[in-house]
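Participant: Submitted below is the structure of interest, expressed as structure tokens.
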Amino acid sequence: MEATIVKDKIKHYPVLLNEIISVITPQHGGTFIDCTFGQGGYTKKILSYPETKVISLDRDITTQKIAEKIKLKFEDRFLYKNLKFSQISNLKLKNENIKGIIFDLGYSFLQIKDTEKGLSFSSKGELNMKMGLNSFSAKDAINKLDEDSLTKIFKFFGDEIEAKFISRNIVKERKNAIIDTPKLVKIIETTKRKKNFKINNSTKVFQALRIFVNKEISELIFGLINATKVLKKDGVLAVVTFHSLEDKIVKFFFKNLSEKKSISRYLPENDDQNLIFNLNQKKPIIPSEQEVEENPPSRSAKLRYAKKIVDIYDFETNIVNEFSNLLEIEKLGDNL
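All letters in the sequence shown, in the order written, are residues 10 to 345 by my numbering.
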């Protein structure tokens, strides 16, 4: 995951903000859901348009302090909930005309540098990585899961080619003492035979652990499904991703619900099925050169969006089957 904060450590920079606003068009009014409230960048921008209302979600309870300040200014137009975005359907939205739903899947600079969260390989203390509403930590995963389980996590969630050797050495080293962040970094550094000089050697393993601990695969899949359910006709679903695994899931979901399908390649497309989305453009929107210059972590961001073209709640998608192998890996943490 990439941060959405630049080297200016005081100011928060929501990635692709202008592009997000251009596709959800809050200037026309309506109710919007910010599924990843964070520092409130998208929420505050949407609320700057007078006929809007925003419902913001975040699993990280520390964001509530920022939400309380916004609530003082926009008491009647802003609602904050400490929820995971997969729980969006738990909201009472029967009378709300949801015009836009936003996901920004990046971590903020403040979260990355929060020593208690332990998200970064530069942290000095205990492994944690819990973003909120979690059932286990990175410490639990590293110190309790077997070699095969750790290998799967590092390989499929982090694309780490030396996952097997790193996992083997973790299991070996933890016999002597509980592994914390510095120890894990050292194990990775001494294990990797092919050094990467573009990114820190621990980057992929730490990405994999963050995904695993926070169950980001199922969160994203069911977040997309449930967001689509509550979105109204002509509403827009917009998602900003920061690594290829996230983008692959979002791309598949939008394509799966916007293209006619045939049972066989020898049969014609099925005109009777209901299509859910219209994709105005299939390629993702990426940050401008100016934004990347001002905010280097935005360089890997991709924005995909789709407009809902039917006013239905229930629909069918095979996204769960498509990524069932990743969901099975997530389940390795169920007994921690």
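All C-beta atoms in this analysis are idealised placements derived from N, C-alpha and C, irrespective of residue type, glycine included.
For S95, tell me which candidate among N137, E255, E84 and E225 has the shortest Cα-Cα distance.
Facilitator: Taking only the C-alpha atoms, the option nearest S95 is E225.
Participant: From the DSSP output, in three-state form, read off V409 for me.
Facilitator: Limits of the chain in this structure are 10 at one end and 345 at the other, which puts residue 409 out of reach.
Participant: Determine the direct distance from the alpha carbon of P296 to that of K311, and round the result to whole angstroms.
Facilitator: Between K311 and P296, the C-alpha separation is close to 8 Å.
Participant: Could you give the distance in angstroms between the alpha-carbon of F286 and the alpha-carbon of N152?
Facilitator: If you take the alpha carbons of F286 and N152, they lie about 44 Å apart.
Participant: Going straight from the alpha carbon of D43 to that of I338, what length do you get?
Facilitator: Answer to the nearest angstrom: the Cα atoms are 28 Å apart.
Participant: Please work out which residues of its chain come closer than 8 Å, Cβ to Cβ, to K187, disregarding the five sequence neighbours upstream and downstream, and give them in chain order.
Facilitator: Note on residue identity: the sequence assigns Ile, not Lys, to residue 187. These residues qualify, in order along the chain: K148 and N152.
Participant: Quick one, are the C-beta atoms of G232 and F112 less than 8 Å apart?
Facilitator: Result yes, Cβ atoms of G232 and F112 sit closer than 8 Å.
Participant: Tell me, to the nearest whole angstrom, how far the beta carbon of A217 is from that of G167; I am working on the premise that it is less than 8 Å.
Facilitator: The pair is a contact, with the Cβ atoms about 3 Å apart (cut-off 8 Å).
Participant: Find out if the Cβ-Cβ distance for the pair K241, K108 is shorter than 8 Å.
Facilitator: For K241 and K108, yes; Cβs fall inside 8 Å.
Participant: Could you check the C-alpha separation between V15 and S57 for me, to the nearest Å?
Facilitator: Because the pLDDT of V15 is 38, which lies under 50, any placement of that residue in the model is unreliable, and the number read from its coordinates should be weighed accordingly. Looking at the two C-alpha atoms, the distance is approximately 23 Å.
Participant: Go through its chain and collect everything with a Cβ distance to I197's Cβ below 7 Å, but skip five positions before and after it.
Facilitator: Correct list, in chain order: I175, N210, S211 and V214.
Participant: In the DSSP assignment, find the alpha helix (DSSP H) that holds K54 and state where it starts and stops.
Facilitator: Note, K54: alpha helix (DSSP H), G50 to L56.
Participant: So is Y322 buried or exposed if we call it buried at 16+ other beta carbons inside 10 Å?
Facilitator: Y322 should be labelled exposed.
Participant: Compare the C-alpha of T40 against each of R183, K101, V222 and A172 and name the closest.
Facilitator: That would be K101, whose Cα lies nearest to the Cα of T40.
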